[in-house]
Structure formats: structure tokens, C-alpha cells
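Data first, discussion second: the structure below is written as C-alpha cells.
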Amino acid sequence: MFSDAIKSMQAFTFLYPAVMAIFWMGGGLYYYWRNERHSPGVDSPPLLKNSPLVSILVPCHNEGDNIEEVVETLLLQHYPTFEILLINDGSADDTAEYLDRLSEKHDQVRAVHLDRNLGKANALRMGALAARSEYLVCIDGDALLHPDAVAWMVAPLLEDPRIGAVTGNPRIRNRSTLLGKLQVGEFSSIIGMIKRAQQAYGRLFTISGVICAFRKQALHEIDYWATDMMTEDIDVSWRLQMAKWSLYYEPHALCYILMPETLKGLWKQRLRWAQGGTEVVLRYFRRIIRPTQLRMWPLYLEYLTSVIWAYVMASLVLLWAVGLLGILPEEWTLAGPFPRSYGLLLALICLAQFSVSLLIDSRYEPKVGRHYYWLIWYPIVYWLLSMLTTLVALPKTLVRKRGKFATWTSTDRGFKE
17 MFSDAIKSMQ
27 AFTFLYPAVM
37 AIFWMGGGLY
47 YYWRNERHSP
57 GVDSPPLLKN
67 SPLVSILVPC
77 HNEGDNIEEV
87 VETLLLQHYP
97 TFEILLINDG
107 SADDTAEYLD
117 RLSEKHDQVR
127 AVHLDRNLGK
137 ANALRMGALA
147 ARSEYLVCID
157 GDALLHPDAV
167 AWMVAPLLED
177 PRIGAVTGNP
187 RIRNRSTLLG
197 KLQVGEFSSI
207 IGMIKRAQQA
217 YGRLFTISGV
227 ICAFRKQALH
237 EIDYWATDMM
247 TEDIDVSWRL
257 QMAKWSLYYE
267 PHALCYILMP
277 ETLKGLWKQR
287 LRWAQGGTEV
297 VLRYFRRIIR
307 PTQLRMWPLY
317 LEYLTSVIWA
327 YVMASLVLLW
337 AVGLLGILPE
347 EWTLAGPFPR
357 SYGLLLALIC
367 LAQFSVSLLI
377 DSRYEPKVGR
387 HYYWLIWYPI
397 VYWLLSMLTT
407 LVALPKTLVR
417 KRGKFATWTS
427 TDRGFKE
């Protein structure tokens with residue numbers, strides 16, 4: 017009986033990632049065939065019927081080392097009419113001085129100073145209220161935009177009044193370590209493909225907070241960003257869609273970002289992401305189960321399944337480790353979390369996914385293929401990381417007090433090349 021249960025658990029640990037990889041490949045290829053195959057390259061801006069004022073919001077907390085480069089890059093945008101709002105959220109370094117200096121130097125730049133650190137969501141809310149435009153493009157304080165990114169982000173909002181938010185295509189700037197190289201492949205072969213598939217199937221789990229655009233009317237309808245959520249981008253994505261607004265993924269809107277290149281920094285980042293997703297699925301359970309939210313059910317069920325997978329996988333790893341000590345009955349002893357043949361098949365499915373994503377993603381970064389060699393380490397590093405962060409995130413979310421401001425912390429930005 018117990019051995020049958022173990023076999024079922026092993027089958028589940030294989031089937032979930034395998035089925036989801038096939039699901040993502042199918043959706044990604046469909047999205048590519050329908051939306052990207054004949055689209056212009058990233059250096060060809062979209063044709064816009066009109067060019068209304070756009071407000072670019074840049075929330076900052078201790079960004080003195082990065083903000084000047086960010087603003088100088090923003091000023092190179094090909095979009096004709098935009099303003100830049102730099103929101104200083106209680107920085108403890110010289111960010112305030114940099115922001116004042118930049119606002120005095122450039123007419124398009126305004127600085128907004130908040131007296132204490134109340135978190136990114138609150139900073140974005142203050143920036144949105146101060147913005148002069150109905151269209152908001154939001155980026156992080158270390159993000160560098162492609163010169164046509166703003167035009168690509170705004171285009172869907174202008175074309176379809178049902179779209180409340182747009183998410184862009186983050187690219188990794190720092191690639192000097194194994195973790196950096198792995199994340200190059202991850203963002204293109206995993207994250208990019210998931211967003212394409214989710215777009216094709218109807219709903220996005222989250223926009224990327226590092227580069228996103230909003231219709232202010234949509235934000236006002238849901239009372240802007242929630243200030244007590246660990247990940248404001250996941251939360252605002254779900255609330256917009258539950259309010260019947262659509263989200264849109266625009267892969268042509270490139271944004272170059274810094275990511276953690278230490279295990280400690282990566283752990284803190286991914287734990288925050290896992291905790292943010294868990295907060296959302298717990299907080300909005302009663303709203304999601306309503307028949308009116310039927311289109312959100314696949315996202316909800318997929319996330320719940322990923323949590324179950326993490327706990328099942330952890331149980332099998334623990335059982336396998338204990339079995340190595342020779343203290344378990346022979347029928348309970350495992351050769352590994354996966355059955356032998358399943359592990360090989362899963363590896364082949366992963367390679368197929370990486371190949372498909374390379375085919376799609378090479379149009380945005382022609383030399384990205386040279387980083388795919390490092391993806392042979394992806395299952396070991398990131399599946400393990402995903403499992404562990406999910407295990408930790410659930411109890412942390414359950415004990416976290418609701419209503420407390422999710423304040424900023426200085427993040428690991430890796431090593432610039």
C-alpha cells in the first residue's frame with residue numbers, strides 16, 4: 017500500500033513539470049505564430065495613431081549608484097512626449113541629491129520625495145497620483161529601457177480600451193557568473209515562454225514589476241497598488257483581471273535589468289516571489305471561486321498544483337535520503353525522486369523546451385544561444401530553489417500580519433560586467 021503511494025507520488029513529480037512544459041511550449045508556439053512571426057524587429061517602433069503624454073514612474077530606494085544611468089537612458093526614448101517622475105521612498109543614501117540634480121538638469125524630470133520608507137507599492141501610488149498622464153510606464157530604479165520600449169508598451173493601451181496593463185520583456189544585464197548565465201536562459205526559455213502561453217490561453221499570472229505600463233483608469237478602479245503585499249506586481253495583476261481588465265504581454269518592449277548573482281541574494285528574491293504568489297492565492301480565494309471568475313481558475317489551480325508538487329517532491333527527497341542510511345524496508349527505498357526512465361524523459365522534454373524558446377527568443381537577442389549551454393544546470397539549481405522557497409513561503413505567509421506596509425530592502429544586484 018505504502019509502496020503504491022510512493023509510486024503515485026513519483027509519477028506526479030514527473031507528470032506536473034512535464035505536462036506544464038508541453039503546455040508552455042504549445043502556447044508559446046501558438047503565440048509566436050499568431051503575434052510575432054511577421055512582427056517588426058525590436059529596432060522598428062510600432063506605428064501609433066497618436067502619441068499622448070506618457071508618465072514614466074521610477075520608484076527609488078537607495079538607488080544612488082544606478083539612477084543617473086537610468087534617467088539618461090530614459091531620455092533617449094524615441095517616444096515624442098513623456099515625463100519622468102522619480103519617487104524617492106525614504107532613501108538612506110544620496111538618492112535624494114541625485115534626483116534633485118537630475119530634475120534641475122532636465123525639464124522632463126520631476127522628483128517626488130517621501131519622508132520615510134513605506135514600500136514600492138506606496139511609492140508607485142504617490143507617483144501615479146502626481147502623474148499628468150492617463151498612461152503610466154513603471155520601471156525599477158536600476159532598469160535600462162530600449163529606446164523604443166515606451167512606444168511598444170503604450171501601443172496596446174491605445175489600441176484596445178479593455179487592456180488595463182502591459183508587461184514587457186526583461187533581459188539580464190549581468191552575466192559574469194553561473195547564476196547570471198542561468199538567469200539569462202531562465203528569463204527567455206522559462207519566464208518568456210510562460211507569459212506567451214498564458215497570453216495565448218487568456219490570463220497572465222503576473223506582469224513584470226520591473227517594466228510595466230498601466231491605464232490610470234484601471235488602477236483607480238481597483239484603488240491602485242496594495243501596500244501590504246510582498247509582491248505588488250502579482251497582486252495588482254490579479255486584482256485587475258478580477259475586475260475584468262485584460263493584461264497584455266509585449267515581448268518587443270525590452271528592459272535590461274540587474275539580477276542577484278549570489279545564492280543568498282537569489283534566495284531572498286525568489287522567497288519574496290514565492291511568498292507574494294502565496295499571499296495572492298490565499299487572500300483572494302473567496303473571490304476567485306465565484307463563477308464570474310471562471311477564467312482565473314486555471315491560473316489558481318496551476319499555482320496550487322505547484323505548491324503540492326513542492327511538498328510531494330520534498331517528501332520524496334527526504335525519503336530517498338533516509339533510505340541511503342539503510343534503515344527503511346527495501347520496498348520503501350528509492351533510487352531517486354523520479355523513476356529512472358522518467359528522469360531521462362523529463363530531461364529530454366526540458367531540452368525541447370529550451371530549443372523552442374531559443375527559436376523564439378533569438379529575434380530579440382541574436383546571440384542568446386551561447387548562454388543555453390549553462391541551462392544543463394537549470395533543473396538542479398532552480399527546481400531545487402523553487403521547491404525550497406515554496407516550502408518556506410507558505411508558513412511565512414500564514415503567520416505574516418495583514419495590513420503591514422511591505423517596505424523596501426536593499427537587494428543583491430549582482431556584478432556588472
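If you're matching positions, the sequence shown starts at 17 in the working numbering and goes up one per residue.
Ideal Cβ placement from N, Cα and C applies to all residues, glycine included.
Asked, Found
"Go ahead and label T308 buried or exposed: buried means 16 or more other beta carbons lie within 10 angstroms of its beta carbon, across all protein chains shown.", "exposed"
"Relative to the alpha-carbon of K260, which residue among H268, L235, Q26 and R141 has its alpha-carbon at the smallest distance?", "L235"
"By how many angstroms is the C-alpha of R189 removed from the C-alpha of E433?", "For E433, the predicted structure reports a pLDDT of 49, less than 50, and the residue's modelled location is therefore unreliable. The matter cannot be settled from this model."
"Which same chain residues end up closer than 6 angstroms to I304 when comparing Cβ atoms and leaving out the 5 residues on each side of it in sequence?", "M312 and Y316"
"What residue range does the beta strand (DSSP E) around N104 cover?", "F98 to D105"
"Can you give, in chain order, each stretch of the alpha helix (DSSP H) that sits fully within the segment 286-351 and has at least 4 residues?", "301-304 and 313-339"
"What is the rounded straight-line gap between the Cα of I365 and the Cα of A37?", "7 angstroms"
"Considering only C-alpha positions, which residue in the set D239, D116 and L152 is nearest to I227?", "L152"
"On the criterion of 16 or more Cβ atoms from any shown chain inside 10 Å, does T405 qualify as buried, or is it exposed?", "buried"
"Would I123 be called buried (16 or more neighbouring beta carbons within 10 Å of its own) or exposed?", "Looking at the sequence itself, residue 123 is Asp, so the reference to Ile does not match. Classification of D123: exposed, given that the 10 Å Cβ count is below 16."
"Which first and last residues belong to the beta strand (DSSP E) in which R141 is found?", "Where R141 is concerned, there is no enclosing beta strand (DSSP E), although the alpha helix (DSSP H) it sits in stretches over K136 to A146."
"My output table needs one value for E433: the three-state DSSP class, helix, strand or coil.", "With a pLDDT of only 49 at E433, under the threshold of 50, the placement of this residue in the model should not be trusted; the figure read from the coordinates follows. In the structure shown, E433 sits in coil (DSSP, three-state: anything other than H, G, I, E or B)."
"With DSSP run on the structure shown, which of helix, strand or coil describes P221?", "The residue asked about is misnamed: residue 221 is Phe in this sequence, not Pro. F221: coil per DSSP, three-state reduction."
"Quick check: what's the CA-CA separation for A137 versus L360?", "44 angstroms"
"Note down the Cα distance separating G43 from I100, rounded to an integer number of angstroms.", "36 angstroms"
"Along the chain, where does the alpha helix (DSSP H) containing T89 start, and where does it finish?", "I83 to L90"
"Could you give the C-beta distance for L73 and L140, rounded to a whole number, given that I count them as a contact under 8 angstroms?", "6 angstroms"
"How close, in whole Å, do the beta carbons of R212 and C271 come, if the pair is a contact with beta carbons under 8 angstroms?", "That belief does not hold up - the Cβ atoms of R212 and C271 are roughly 17 angstroms apart, past 8 angstroms."
"If I measure Cβ to Cβ from Q369 and keep anything under 6 angstroms in the same chain, skipping five residues before and after, which residues do I get?", "A37 and M41"
"Do R288 and S402 come within 9 angstroms of each other at the CB atom, strictly closer than that value?", "no"
"Taking Cβ to Cβ, would you say L362 is nearer than 9 angstroms to A34?", "yes"
"Tell me the rounded alpha-carbon separation between P163 and N185.", "13 angstroms"
"Check for me: the beta strand (DSSP E) holding P186 runs from which residue to which?", "I179 to I188"
"Roughly how many angstroms lie between the CA atoms of I103 and N78, to the nearest whole one?", "11 angstroms"
"From L198, A229 and E84, pick the residue whose C-alpha is nearest to that of M275; which is it?", "L198"
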